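Contents: one structure, followed by commentary.
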Amino acid sequence: MSHHREGSGEPLVLIHGLGSRWQLWQPVLPLLRGSFDVVALDLPGFGASAAVGAADVGTFADAVTAFAAGAFPHAATFHVAGSSLGGGVALELGRRGVARSVTAFAPIGFWGPVSRRWCQVSVTAARGLGRLARPVLPALAATRLGRVALFGMFFGHPGRLDPAAAVADVDALVAAPGFAAARAAFAGHRFPGAGAGAVAGGGLVADGSAVAGVGALGGGVPVTVAWGSRDAILPAFQARRAAGALPSARHVRLAGCGHLPFSDEPAVCADLIRTTAGAA
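According to full-length UniProt numbering, the sequence shown is numbered sequentially starting from 1.
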């Protein structure tokens with residue numbers, strides 16, 4: 001899989017969401033590379049990685065596990081953070097005991113039929129808009145008002161985006177060969193729930209600050225689930241479902257953040273990853 005690697009320390013894998021690419025994590029990479037050997041991946045069918053067939057959470061988890069075995073040959077497990085689809089993959093890796101710790105930002109799988117369909121339709125519409133608006137996209141993205149109009153569904157503070165990077169992200173979304181298969185696979189994915197085995201104590205937090213008491217999946221894997229209060233793709237009411245399905249995990253509300261909180265609050269997001277990893 002195509003990837004970017006930097007830093008030193010314990011292994012950490014970063015996994016993007018539907019239609020995205022490893023560059024999603026660029027706002028937090030400078031804050032993580034001093035603590036971790038960080039690998040940010042392009043999932044199969046996204047970014048610069050070729051599609052390889054099935055595009056469900058389990059298949060992606062298999063691919064990440066195989067990749068990590070080669071990238072970190074001396075480590076039996078690795079820390080993982082994921083966004084949206086990548087959050088669902090990260091939780092699956094934690095459920096399997098492959099991950100050393102899990103930080104999931106607005107993970108898929110805590111939806112009902114209506115909210116799942118809303119996610120699929122919203123991201124598909126954004127892809128279509130990106131294709132149609134491509135001739136004028138650089139000019140629109142160059143203005144703060146244009147970035148708010150174009151990217152407000154995904155970010156709490158779209159005005160903070162780098163215009164060139166935002167246009168490149170749209171190009172990656174439009175070009176992703178694995179998009180349709182991964183979107184369709186959403187219909188068959190739902191987090192298995194508390195039966196997967198949550199065992200340690202945690203708590204619901206009202207803001208994005210780091211707290212003690214990181215919860216765990218079965219096997220003692222520390223897990224934090226974070227949700228932006230302005231998430232319009234997977235609306236934050238799904239955070240309550242996540243708290244019910246994973247009652248022992250740490251659940252964090254990211255005030256003012258959107259579905260992709262990394263440019264909204266990079267320091268907070270990096271701190272959540274470090275704190276969760278530190279509980280392993």
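Glycine is no exception: its CB is placed at the ideal position from the N, C-alpha and C atoms. These figures come from a predicted structure and were not determined experimentally.
Check the C-beta distance from residue i over to residue j and give it rounded, since I have them as a contact under 8 Å.
i	j	result
residue 142	residue 163	5 Å
residue 228	residue 152	Not really, about 13 Å apart at Cβ, beyond 8 Å.
residue 93	residue 63	Not a contact, Cβ separation roughly 11 Å.
residue 35	residue 53	Contact flag wrong, Cβ pair sits at about 35 Å.
Below 6 Å CB to CB, which residues in the same chain sit around residue i once its five sequence neighbours on both sides are set aside?
i	result
residue 11	37, 72, 75, 78
residue 28	262, 266, 269, 270
residue 190	109
residue 5	39
residue 232	153
residue 207	The predicted model places residue 207 with a pLDDT of 31, which falls under 50 and marks its position as unreliable, so this point remains unresolved.
residue 43	60
residue 281	Nothing can be reported for residue 281: it is not among the residues displayed for the chain, which extend from 1 to 280.
Starting from residue i and walking both ways along the beta strand (DSSP E), at which residues does that stretch end?
i	result
residue 11	10-15
Going along the chain, which residues of its own chain have a beta-carbon closer than 7 Å to the beta-carbon of residue i, five neighbours each way excluded?
i	result
residue 235	115
residue 257	156, 228, 229, 230, 264, 265
residue 70	none
residue 32	7, 12, 38, 270, 273
residue 161	147, 151, 155, 263
Who are the Cβ neighbours of residue i in its own chain at under 8 Å, not counting the five residues just before and after it?
i	result
residue 159	144, 147, 148
residue 169	20, 21, 23, 24
residue 174	127, 130, 131, 134
Hey, residue i and residue j: beta-carbon distance below 7 Å or not?
i	j	result
residue 88	residue 113	no
residue 105	residue 1	no
residue 280	residue 192	no
residue 91	residue 18	no
residue 80	residue 57	no
residue 254	residue 226	yes
residue 167	residue 137	yes
residue 65	residue 98	yes
residue 177	residue 51	yes
residue 238	residue 118	no
residue 120	residue 46	no
residue 16	residue 83	yes
Over what stretch of residues does the alpha helix (DSSP H) that includes residue i continue unbroken?
i	result
residue 53	Unbroken run through residue 53: none, as it is neither H nor E.
residue 5	It is not in any alpha helix (DSSP H) - residue 5 instead sits in the beta strand (DSSP E) that spans 3-7.
residue 36	Taken as a continuous stretch (DSSP letters only), residue 36 belongs to no alpha helix (DSSP H), being part of the beta strand (DSSP E) at 36-41.
residue 114	113-132
residue 145	144-151
residue 160	It is not in any alpha helix (DSSP H) - residue 160 carries neither H nor E in the DSSP assignment.
residue 282	The chain is shown only over 1 to 280; residue 282 falls outside these bounds and no answer can be derived.
residue 135	Note, residue 135: premise wrong, no alpha helix (DSSP H); not H, not E.
residue 31	29-32
request  = Could you pull out every unbroken alpha helix (DSSP H) segment of at least 4 residues lying fully inside the region 67-99, listed in chain order?
outcome  = 85-96
task = At 3 residues or longer, and completely inside the region 227-278: list those beta strand (DSSP E) runs for me, N to C.
result = Here the runs fully enclosed are 250-254.
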